[in-house]
Amino acid sequence: MNWWSSFRALCRLEICGADLNTWRRWLSFCISPAAYFCLLGLGLSGILGGEDYLEFVGPGIVVMQALSALSQIIYRVVIERRWGLAAMKLQAGVPMSAYLASLLVPRIIIFLLQGFVVLVCMLAFGVRVSPLPALLGLLGSVVCVVFWSFLGVIVTSVVSNYQTRDFIVSIIVLPLTFSAPVFYRLEGAPTLVRVLARVNPLSYQVQWVRGLFNSKFVLVDFAVVIILVVVCCGFALRAVNGLRIASFEG
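Numbered according to our numbering, the sequence shown spans residues 90 to 339.
What follows is the structure, given as structure tokens:
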């Protein structure tokens with residue numbers, strides 16, 4: 090099978106597997122970004138600076154949505170491995186890169202929807218949003234989705250026991266989310282928070298995308314984001330190669 094035909098066929102399966110053919114599913118994806126912005130972001134803006142704060146927090150909430158790809162991709166790959174679906178596809182001649190790319194498609198679609206919801210919320214509450222920087226910021230954020238998706242594939246490959254895997258994911262998601270400068274500036278944060286932020290990939294993603302929204306290009310953050318994506322891509326491809334062997338472990 091050639092790459093493009095394999096990719097298209099798998100994309101259709103992945104979109105169906107993510108239930109993207111039902112309006113209820115689409116609506117459910119809108120709840121998280123709207124709640125973070127309209128409840129948490131808007132509530133904090135009354136204390137921390139009104140529209141200026143909403144302009145600051147909006148891009149961070151956009152990037153936050155990328156983190157959900159981690160648990161989504163783990164769930165999907167576990168099903169593929171447990172029932173031997175990945176092994177059948179790869180043994181049938183599907184290129185590993187086409188298989189991996191097809192896993193990304195539903196995550197990217199969901200993320201773009203959630204990012205659009207945040208932009209609509211920003212406009213609804215009077216935040217000044219420049220169209221071109223906002224578009225670049227949203228498209229640039231797709232790189233963040235790719236990173237967390239790759240990491241999900243790697244975690245599923247390395248940790249086969251579902252209890253251990255769920256434990257690892259449950260204890261890292263909240264620290265990752267709240268040690269990144271989504272709702273606050275690092276300059277005024279305590280030392281412990283700043284240290285955690287420096288080893289948190291989400292921090293660099295938030296700072297880079299926030300720069301894009303403000304028509305700025307932060308080279309250091311961009312370099313860290315791209316290097317991490319490239320490294321994780323290599324490990325994710327190795328993990329996909331391991332899916333050629335069916336496993337009944339979760």
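Using N, Cα and C, we set each Cβ at its ideal position, and we do this for glycine too.
Within the region 151-223, complete alpha helix (DSSP H) segments of at least 4 residues are found at 157-171, 174-180 and 185-213, given in chain order.
Contiguous alpha helix (DSSP H) elements confined to the region 214-289 occur at 220-247, 251-268 and 280-287, taking only those with 4 or more residues. Under the three-state reduction of DSSP output, residue 292 falls in the helix class. Separation of residue 200 and residue 191 (C-alpha to C-alpha, rounded to the nearest whole angstrom) is 15 Å.
Assignment of residue 298 by DSSP, reduced to helix, strand and coil, places it in the helix class. For residue 97, the enclosing alpha helix (DSSP H) has its first and last residue at 92-106.
Cβ atoms of residue 328 and residue 243 come within 8 Å of each other, at about 5 Å. In this structure, residue 301 sits away from residue 204, with a CB-CB distance that is not shorter than 7 Å.
Taking C-beta atoms as the reference points, residue 140 and residue 215 count as a pair closer than 7 Å. Measuring C-alpha to C-alpha distances from residue 143 to each of 94, 119, 174 and 218 identifies 218 as the nearest. Between the beta-carbon of residue 153 and that of residue 271 there is about 6 Å, and that keeps the pair under the 8 Å contact cut.
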